[in-house]
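**Student:** Below you'll find the structure I mean.
Protein chains: 2
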Amino acid sequence: MDQERRAQWLRGVLDLCVLALLRHRESYGYELAQSLNAAGVGPIQGGTLYPVLLRLQRTGLVAAQWREGAAGPARKYYRITPVGIETLHRTAVDWDAFTSGVGVILREVQTR
Amino acid sequence: MDQERRAQWLRGVLDLCVLALLRHRESYGYELAQSLNAAGVGPIQGGTLYPVLLRLQRTGLVAAQWREGAAGPARKYYRITPVGIETLHRTAVDWDAFTSGVGVILREVQTR
DNA sequence: CCGCCCTAGGTTGCGGCGCAAGCTAGATGG
DNA sequence: CCATCTAGCTTGCGCCGCAACCTAGGGCGG
Numbered sequence: 024m025d026q027e028r029r030a031q032w033l034r035g036v037l038d039l040c041v042l043a044l045l046r047h048r049e050s051y052g053y054e055l056a057q058s059l060n061a062a063g064v065g066p067i068q069g070g071t072l073y074p075v076l077l078r079l080q081r082t083g084l085v086a087a088q089w090r091e092g093a094a095g096p097a098r099k100y101y102r103i104t105p106v107g108i109e110t111l112h113r114t115a116v117d118w119d120a121f122t123s124g125v126g127v128i129l130r131e132v133q134t135r
Numbered sequence: 024m025d026q027e028r029r030a031q032w033l034r035g036v037l038d039l040c041v042l043a044l045l046r047h048r049e050s051y052g053y054e055l056a057q058s059l060n061a062a063g064v065g066p067i068q069g070g071t072l073y074p075v076l077l078r079l080q081r082t083g084l085v086a087a088q089w090r091e092g093a094a095g096p097a098r099k100y101y102r103i104t105p106v107g108i109e110t111l112h113r114t115a116v117d118w119d120a121f122t123s124g125v126g127v128i129l130r131e132v133q134t135r
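Heads up: the protein sequence lines correspond to chains A and B, in order. Just so you know, this note's numbering puts 38 at position 15 of the first sequence, and the rest follows in order with no gaps. Just so you know, this note's numbering puts 26 at position 3 of the second sequence, and the rest follows in order with no gaps.
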């Protein structure tokens, strides 16, 4: 897949994906990057993910907490807030509406 | 819907939508803007659409032709090229894969 | 005749954000 | 002792939608 275009597509969805991953269980940056990659979103660079997490934290959609790891460096665990959950739900609905709108236009182009 | 976020989403999909609209029938900027709005993608500003059309023209995905209108200013008609059709098909498949990947992550968030 | 609105095209500057590249620092292993 | 992995963070670049603004033709009301 065209890498440059995927970057465009990630814009404005990546924070949603992070929120969705934090929906049920808290996590930290490094693990989130692995989860996103495993989910097929693609490899997310540190320089991409950490600013996202900082933005989410500053806007109050997630709460962060430093925790000492048994091995390795300390981890910064992120937990979704009620505001984050509400935002996630609302925006996910918008995303669905948008993609279905685009889908209507692109529909006959491909063999689904 | 959050306007800022919709702008992010439009990024990297708008040119695809334009190509898809030109798939069967040539058109011009102003009409394309109305078609996009009618299709539910949202109102597209001139300062957004015309640079898109120029990019598509420069990269050879569409061909342009000035034509005198019976009334009003002259129109610049755009027609999709074979390269444009091929690009449209290929990228539409990628888009489908990407949205379905994101969908997996967001799935349980909403009531579909 | 002048002002206003619609059509139709275009340019410019701003801002958001993913990314490449580079940094610190702890633990592990050759 | 240095390489590698884990874990976090910062900086500069580039893309692109958007607001704002401009040109220009035609129709209509005052």
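Cβ atoms here follow ideal geometry from the backbone N, Cα and C, with glycine treated the same way. Model, not experiment: these values are computed from the prediction.
From B:Ile-128, B:Tyr-53, B:Leu-44 and B:Asp-117, pick the residue whose C-alpha is nearest to that of A:Asp-25; which is it?
**Tutor:** Numbered from its first residue, the first sequence carries residue 25 of chain A at position 2. The shortest Cα separation from A:Asp-25 among B:Ile-128, B:Tyr-53, B:Leu-44 and B:Asp-117 belongs to B:Asp-117.
**Student:** If we count the other Cβ atoms within 10 Å of its Cβ and call it buried at 16 or more, is B:Leu-129 buried or exposed?
**Tutor:** Within the second sequence, numbered from 1, the residue matching residue 129 of chain B stands at position 106. When all chains shown are included, B:Leu-129 counts as buried.
**Student:** Quick check: is the beta carbon of B:Ala-97 nearer than 7 Å to any beta carbon in chain A?
**Tutor:** By 1-based counting over the second sequence, the position of residue 97 of chain B is 74. Not closer than 7 Å to any Cβ of chain A, the Cβ of B:Ala-97 fails to qualify, so no.
**Student:** Where do the N-terminal and C-terminal ends of the beta strand (DSSP E) with A:Arg-98 fall, by residue?
**Tutor:** Position 75 of the first sequence, counting from 1, holds the residue named residue 98 of chain A. 98 to 103 is the span of the beta strand (DSSP E), which, as asked, contains A:Arg-98.
**Student:** Can you pull out the residues from the stretch 51 to 63 of chain B whose beta carbon lies closer than 7 Å to at least one beta carbon of chain A?
**Tutor:** Listed by position along the chain: Ala-62 and Gly-63.
**Student:** B:Trp-32: buried (16+ other C-beta within 10 angstroms of its C-beta) or exposed?
**Tutor:** For the purposes of this step, residue 32 of chain B is taken as the residue at position 9 of the second sequence. Looking at its Cβ environment, which holds 16 or more other Cβ atoms inside 10 Å, B:Trp-32 is buried.
**Student:** With distances taken from CA atoms, which of A:Ala-61, A:Cys-40 and A:Glu-27 is nearest B:Arg-34?
**Tutor:** For the purposes of this step, residue 34 of chain B is taken as residue 11 along the second sequence, with counting starting at 1. Nearest C-alpha to B:Arg-34 among A:Ala-61, A:Cys-40 and A:Glu-27: A:Glu-27.
**Student:** Buried or exposed, going by whether 16 or more other CB atoms sit within 10 Å of the CB of B:Ser-123?
**Tutor:** Working through the second sequence from its first residue, we reach residue 123 of chain B at position 100. Classification for B:Ser-123: exposed.
**Student:** Is there contact between the stretch 104 to 114 of chain A and the stretch 39 to 49 of chain A, where contact requires at least three CB pairs shorter than 8 Å?
**Tutor:** yes
**Student:** Which residue comes first and which comes last in the alpha helix (DSSP H) that contains B:Val-75?
**Tutor:** Here residue 75 of chain B is taken as the residue at index 52 of the second sequence, counted from 1. First-last of the alpha helix (DSSP H) with B:Val-75: 69 to 81.
**Student:** Under a CB-based cut-off of 7 Å, is A:Leu-129 close to chain B?
**Tutor:** Position 106 of the first sequence, counted from the first residue, corresponds to residue 129 of chain A. Cβ-Cβ to chain B under 7 Å: yes for A:Leu-129.
**Student:** Could you check whether B:Val-85 and B:Leu-37 sit closer than 7 Å to each other, using their CB atoms as the reference points?
**Tutor:** Working through the second sequence from its first residue, we reach residue 37 of chain B at position 14. Working through the second sequence from its first residue, we reach residue 85 of chain B at position 62. In this structure, B:Val-85 does not lie closer than 7 Å to B:Leu-37 by Cβ.
**Student:** Which term fits B:Leu-77, buried or exposed, when burial requires 16 or more other beta carbons within 10 angstroms of its beta carbon?
**Tutor:** As a first step, residue 77 of chain B is located in the second sequence; it is residue number 54 there, counting from the start. Classification for B:Leu-77: exposed.
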